[in-house]
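**Q** The structure that follows is given in the form of structure tokens.
Protein chains: 2
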Amino acid sequence: MSVDPYMRGRMTERKSYVPPFELGKPLDGACISKVVESKNNQFAVGDYVLGMNGWREYWISDGSSNSGVTKIDPNLGPIQFFLGIFGMPGLTAYVGLLKIGQLKEGETVLVSAASGAVGSVVCQIAKAKGCYVIGSAGSKEKVSWLINDAGIDYAFNYKEFKDDISTELGKVYQSDGIDLYFDNVGGKHLEAALDHMKTFGRIILCGMISQYNATSPTPGPANIFLAITKRLKLQGFIVRDYYDMLNQFHADMTKWVNEGKIKWKETVFEGLENAPKAFIALFNGENFGKTLVKIGPD
Amino acid sequence: MSVDPYMRGRMTERKSYVPPFELGKPLDGACISKVVESKNNQFAVGDYVLGMNGWREYWISDGSSNSGVTKIDPNLGPIQFFLGIFGMPGLTAYVGLLKIGQLKEGETVLVSAASGAVGSVVCQIAKAKGCYVIGSAGSKEKVSWLINDAGIDYAFNYKEFKDDISTELGKVYQSDGIDLYFDNVGGKHLEAALDHMKTFGRIILCGMISQYNATSPTPGPANIFLAITKRLKLQGFIVRDYYDMLNQFHADMTKWVNEGKIKWKETVFEGLENAPKAFIALFNGENFGKTLVKIGPD
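Sequences listed follow chains A and B, in order. For what it's worth, my numbering labels the leading residue of the first sequence as 1, then goes sequentially. For what it's worth, my numbering labels the leading residue of the second sequence as 1001, then goes sequentially.
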């Protein structure tokens, strides 16, 4: 099963694009499962399916078209890829960068949470598109992976710069600034990016993980006025509005994976009892790449 | 001559879309002037011209194509209209609403600094386009003018609500929120608007007058995360990037003015010696509509 930052929002009682989790009921979320019994001739025992019934060991579905259950092809890669590069995080990166961000070859791209499930794919799609890519991550190991494995141009450990990410950022980009900032973090990262955006730059608002556990209001970027003087566009998006791009995404991503252009990192926790630990790790930065929980036998 | 909020930015030494004013030199800005002497046969004595040589009584130009001096037609309306509804503020409203904001008929529109030079035109173009228009302004008189003269649907005096503009706003819009927010103010207004935007709403970042005199960093919107969950687009713009729309703008604006759809309010200060007072009035909210300074005889 997948653990994802967006689940944190579902732990607050409020109107949003997904309903909150309900007290006394199991959590849910994306998972890959193996069919162990079937009365639906579209699904045979042994088939692998993608469903929204994570956070449990077994589940029942009628497999109808609106059940959200779809068969996956285990020959395309390890089955958990459908929770990652072939799944929601991969599509998020693809839609954000290409559809919302309208990425152009040769641009300078900044990515925060760059070694995460979404960020790492953003970095590598941007590299595949011939861009200069700068990534921010939270440890030396992540920075090293981004440069040596993901092959981006520059990466830094933001924890070394505390409140002054902006000064660090000012030293590293090419030419006169950043064309596209893919924001997974918000807060000080968004503020630093605003300082260094080029005129007519685009900021893709995908996530703001720095704020999800805040217990009091967190100040927004003090320099938001730069969005006017630099004529910036800031745009938020939710991946599920773009499921019509799934086929195009699968075609491109399969090609990039086959060409060796996409490296992938996972942190796997074992057992449902460790799912809360896995989830909390997302916010502590203890995860690396896609965070997964393996439940039951292979 | 015109006094405009953007001039405040030119009083800070920093890189921006217009160079800062220089110490020991006159300020400058848009003005309408009468030709008193001419050696250029394109300009006759008595002609009226639009130039960028405000903050002085007389000025000299060769009138060449890159001098920024253009003849205006005094038959189209009072000459100062070319500093207002037919000039930069009018074009700003037009570009922001129609080009950047892609305004659609019947939408719910929120405008801050709604009785100002830009805001009042925004309100009335939106009304001409069949929208439901809500305006925020800083006095009872302005609110009354917005409803009774400009004919918008709802207006409120934000000073009555201090830090809780959001609650007031929650009471006044139609259906499920605001489609388009035209921001001239920033700060608490932007935060309140974010609270009440519809999914896929657009925020046009035109000005942030609440922050121009700040002596320390002003916190940005604490609820900027709503831009993600509501899939909002926030876009800054500078009118001079859109001078190619000037002809289309003049055609539409002349039509609207002739149809009586655009009401106009001015605050005129007399004499160059009162220009600083006029400028400061912009930030105190003592102005009403377009702020002008009349220098010399008619």
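We treat Cβ as the ideally placed atom computed from N, Cα and C, and that holds for glycine.
Counting only beta-carbon atoms, is D241/A nearer than 8 Å to chain B?
**A** Counted from its first residue, the first sequence places residue 241/A at position 241. Answer yes: the Cβ-Cβ gap between D241/A and chain B drops below 8 Å somewhere.
**Q** Does any residue of chain A bring its CB to less than 8 Å from the CB of S1210/B?
**A** As a first step, residue 1210/B is located in the second sequence; it is residue number 210 there, counting from the start. Chain A contact via Cβ: absent.
**Q** Between which two residues does the beta strand (DSSP E) carrying M1197/B extend?
**A** For this step, residue 1197/B is matched to residue 197 along the second sequence. Unbroken beta strand (DSSP E) run through M1197/B: 1197-1205.
**Q** Measuring CB to CB, does I299/A end up less than 8 Å from Q235/A?
**A** Within the shown structure, residues of chain A are numbered from 1 to 298, placing residue 299/A beyond reach of any answer.
**Q** Using CA coordinates, which residue listed in S216/A, N258/A, Y212/A, P221/A is at the minimum distance from I203/A?
**A** The residue given as residue 203/A occupies position 203 in the first sequence. The candidate whose alpha carbon is nearest that of I203/A is P221/A.
**Q** According to DSSP, what are the bridge partners of I178/A?
**A** As a first step, residue 178/A is located in the first sequence; it is residue number 178 there, counting from the start. DSSP lists M197/A as partners of I178/A.
**Q** What is the DSSP secondary structure of N1258/B, counted as helix, strand or coil?
**A** What you label residue 1258/B is simply residue 258 of the second sequence in a count that begins at 1. N1258/B falls in the helix class under three-state DSSP.
**Q** Under DSSP, the beta strand (DSSP E) around V268/A begins and ends at which residues?
**A** As a first step, residue 268/A is located in the first sequence; it is residue number 268 there, counting from the start. 266-270 is the span of the beta strand (DSSP E), which, as asked, contains V268/A.
**Q** Mind reading off the beta-carbon distance from S1136/B to S1112/B? Whole number of angstroms is fine, and I expect it under 8 Å.
**A** Numbered from 1 along the second sequence, position 136 holds the residue referred to as residue 1136/B. Numbered from 1 along the second sequence, position 112 holds the residue referred to as residue 1112/B. With a Cβ gap of about 5 Å, S1136/B and S1112/B count as contacting.
**Q** Taking T1254/B as the reference, give the member of G1051/B, P1005/B, N1075/B with the closest Cα.
**A** As a working mapping, residue 1254/B is identified with position 254 in the second sequence. Checking every option, the nearest Cα to that of T1254/B belongs to N1075/B.
**Q** Under 8 Å Cβ to Cβ from F283/A, same chain only, skipping five residues before and after it: list those, please.
**A** On the first sequence, residue 283/A is found 283 positions in, with the first residue counted as 1. The answer, listed in chain order, is P5, R8, I209, Y212, N213.
**Q** How long is the line joining the alpha carbons of D1164/B and G1285/B, rounded to whole angstroms?
**A** If you number the second sequence from 1, residue 1164/B lands on position 164. If you number the second sequence from 1, residue 1285/B lands on position 285. Going by the C-alpha atoms only, they are around 19 Å apart.
**Q** I need the straight-line Cα distance from R1010/B to T229/A, nearest angstrom please.
**A** The residue you call residue 1010/B lines up with position 10 of the second sequence. The residue you call residue 229/A lines up with position 229 of the first sequence. Taking the straight line from one Cα to the other gives about 12 Å.
**Q** Using 8 Å as the Cβ pair cut-off and three pairs as the minimum, do the stretch 1050-1057 of chain B and the stretch 1165-1185 of chain B touch?
**A** Judged by Cβ distances under 8 Å, the stretch 1050-1057 of chain B makes no contact with the stretch 1165-1185 of chain B, as fewer than three pairs qualify.
**Q** Using a Cβ-Cβ cut-off of 8 Å, state whether F1161/B counts as contacting chain A.
**A** Looking up residue 1161/B in the second sequence gives position 161. Cβ-Cβ to chain A under 8 Å: no for F1161/B.
**Q** Please find out if some non-hydrogen atom of the ligand SAM comes closer than 7 Å to the beta-carbon of L1097/B.
**A** Because no ligand of any kind appears in the structure shown, any question about the ligand SAM cannot be addressed here.
**Q** Could you give the uninterrupted runs of the alpha helix (DSSP H) lying entirely in the stretch 105-175 of chain A, keeping only those of 4 residues or more?
**A** Taking only runs of at least 4 residues, the alpha helix (DSSP H) segments lying wholly in the stretch 105-175 of chain A are 119-128, 140-148, 165-172.
**Q** Quick check: what's the CA-CA separation for V1109/B versus L1190/B?
**A** Position 109 of the second sequence, counted from the first residue, corresponds to residue 1109/B. Position 190 of the second sequence, counted from the first residue, corresponds to residue 1190/B. Going from the Cα of V1109/B to the Cα of L1190/B covers about 13 Å.
**Q** According to DSSP, is V1003/B part of a helix, a strand, or is it coil?
**A** Residue mapping note: residue 1003/B aligns to position 3 of the second sequence, counting from 1. Looking at V1003/B - three-state DSSP - the assignment turns out to be coil, as it is neither helix nor strand.
**Q** Do you know whose CA, among D1153/B, N1066/B, V1293/B, lies nearest P1276/B's CA?
**A** Position 276 of the second sequence, counted from the start, is the residue given in the question as residue 1276/B. For P1276/B, the nearest C-alpha among the options comes from V1293/B.
**Q** Rounded to the nearest angstrom, how far is the Cβ of L1083/B from that of S1002/B, given a contact under 8 Å?
**A** As a position in the second sequence, residue 1083/B is number 83, starting the count at 1. As a position in the second sequence, residue 1002/B is number 2, starting the count at 1. 4 Å between Cβ atoms; contact.
**Q** Which residue wins for smallest C-alpha separation from F1086/B, given the options I1152/B, E1107/B, M1245/B, V1143/B?
**A** Against the second sequence, residue 1086/B aligns to sequence position 86. Considering only alpha carbons, the answer is M1245/B.
**Q** What separation, rounded to the nearest whole angstrom, lies between the Cα atoms of F279/A and T92/A?
**A** Counting from 1 along the first sequence, the entry for residue 279/A is found at position 279. Counting from 1 along the first sequence, the entry for residue 92/A is found at position 92. Cα to Cα, the separation comes out at about 19 Å.
**Q** Is it true that the CB of V121/A sits closer than 8 Å to the CB of G90/A?
**A** Counted from its first residue, the first sequence places residue 90/A at position 90. Counted from its first residue, the first sequence places residue 121/A at position 121. Yes, the pair counts as a contact, with Cβ atoms nearer than the cut-off.
**Q** Count the other CB atoms, across all protein chains shown, that sit within 10 Å of the CB of T1291/B; report buried if there are 16 or more and exposed otherwise.
**A** As a position in the second sequence, residue 1291/B is number 291, starting the count at 1. Buried.
**Q** Go through its chain and collect everything with a Cβ distance to I1224/B's Cβ below 8 Å, but skip five positions before and after it.
**A** Here residue 1224/B refers to the residue found at position 224 when the second sequence is read from its first residue. Taken in chain order, the residues that qualify are L1194.
**Q** Report buried or exposed for V18/A, applying the criterion of at least 16 other Cβ atoms within 10 angstroms of its Cβ.
**A** Here residue 18/A corresponds to residue number 18 of the first sequence, with the count starting at 1. So V18/A ends up on the exposed side.
**Q** Alpha helix (DSSP H) containing G1090/B: first to last residue?
**A** Numbered from its first residue, the second sequence carries residue 1090/B at position 90. Run containing G1090/B: 1088-1094, per the alpha helix (DSSP H) assignment.
**Q** Name the residues in the stretch 1223-1252 of chain B whose C-beta lies less than 9 Å from a C-beta of chain A; which are they?
**A** Of all residues in the stretch 1223-1252 of chain B, N1223, I1224, F1225, L1226, A1227, I1228, T1229, K1230, R1231, L1232, K1233, L1234, Q1235, G1236, F1237, I1238, D1241 have a Cβ within less than 9 Å of some Cβ in chain A.
**Q** Based on the DSSP secondary-structure assignment, which residues constitute the bridge partners of V1293/B?
**A** For this step, residue 1293/B is matched to residue 293 along the second sequence. For V1293/B, which the question treats as bridged, DSSP gives the partners F1269/B.
**Q** Could you give the residue range of the beta strand (DSSP E) that holds K1034/B?
**A** Looking up residue 1034/B in the second sequence gives position 34. 1031-1034 is the span of the beta strand (DSSP E), which, as asked, contains K1034/B.
**Q** Classify E1107/B as buried or exposed, calling it buried when 16 or more other Cβ atoms lie within 10 Å of its own Cβ.
**A** For the purposes of this step, residue 1107/B is taken as residue 107 along the second sequence, with counting starting at 1. Answer is buried; the Cβ neighbour count reaches 16.
**Q** Would you kindly report the start and end of the unbroken beta strand (DSSP E) that includes L234/A?
**A** To locate residue 234/A, count along the first sequence from 1; it is residue 234. Its beta strand (DSSP E) spans residues 233-236.
**Q** Below 6 Å CB to CB, which residues in the same chain sit around V49/A once its five sequence neighbours on both sides are set aside?
**A** Against the first sequence, residue 49/A aligns to sequence position 49. Counting only Cβ-Cβ distances below 6 Å, and skipping sequence neighbours, we find S33, V69, K71.
**Q** For L282/A, report the span of its alpha helix (DSSP H) as first-last.
**A** In the first sequence, the residue the question calls residue 282/A occupies position 282. 275-284 is the span of the alpha helix (DSSP H), which, as asked, contains L282/A.
**Q** Answer yes or no: does any C-beta atom of chain B fall closer than 8 Å to that of Y116/A?
**A** As a position in the first sequence, residue 116/A is number 116, starting the count at 1. Correcting the residue type first, residue 116/A is Gly in the shown sequence and not Tyr. No, G116/A lies away from the interface with chain B (no Cβ there is under 8 Å from its Cβ).
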